[in-house]
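The opening position of the sequence shown corresponds to residue 1 in my numbering, with each subsequent residue numbered one higher.
Using N, Cα and C, we set each Cβ at its ideal position, and we do this for glycine too.
Heads up: the structure comes next, in structure tokens.
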Amino acid sequence: MKWIRAYDRVALIAAAIFLFFCAISIWRSAAQFETNFARQAGPPPKKASPPGKAVELAHAEEKLQQPSQWTFRERSGLFVPEKHFIDANGLPATLKTTEVHPPVPNEWLEQFALPIADADVLEQDPDADGFNNFEEWQGHTNPIDKNSHPDYLTKLKMKAFSE
1 MKWIRAYDRV ALIAAAIFLF FCAISIWRSA AQFETNFARQ AGPPPKKASP
51 PGKAVELAHA EEKLQQPSQW TFRERSGLFV PEKHFIDANG LPATLKTTEV
101 HPPVPNEWLE QFALPIADAD VLEQDPDADG FNNFEEWQGH TNPIDKNSHP
151 DYLTKLKMKA FSE
């Protein structure tokens, strides 16, 4: 039982024999690959589509010459994603389902392209006329036009009253 003492050599020889048989198996599979691959039938060829009729082509060309008319006024959502928010309840909301900055409607903010995602949009003054967006909404004026603003009297407050 000398081979038990040299167990590492026995394991090495067994591994070498195993790898030799694996190499022979791989070599035989590689040699048969071309014949097995040639036996596989390809997909059947598709029929060619019939050529278009001249009447259809003329009609299509005529349509391409005319400029397209867009009839849908709302955003399609195809290229511009819809803005989503988390409402006060913690649920997802869109501009159509909830008011982001109550009592100001979302349509008014969108009409003047105000940054509806900003939390302080109602306190902002984009035209620097001294009236913030909330005061402009209350006065029914344009918040991005400096010449359009509510009456200055609305800013006046009584500081003290004495008799």
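The DSSP-derived three-state label of Phe85 is strand. From the listed residues Gly90, Ala88, Lys96, the smallest Cα separation to Glu82 is found for Lys96. By the neighbour-count criterion, in which a residue is buried when 16 or more other Cβ atoms sit within 10 angstroms of its Cβ, Glu135 is buried. Per the DSSP secondary-structure output, His101 pairs in a beta bridge with Val104. In the DSSP annotation of this structure, the continuous segment of the beta strand (DSSP E) that includes Ala93 starts and ends at 92 to 94. Pairwise C-beta distances place the region 107 to 115 out of contact with the region 84 to 93, as fewer than three of them are shorter than 8 Å. At a Cβ-Cβ threshold of 8 Å, Pro92 and His84 count as neighbours.
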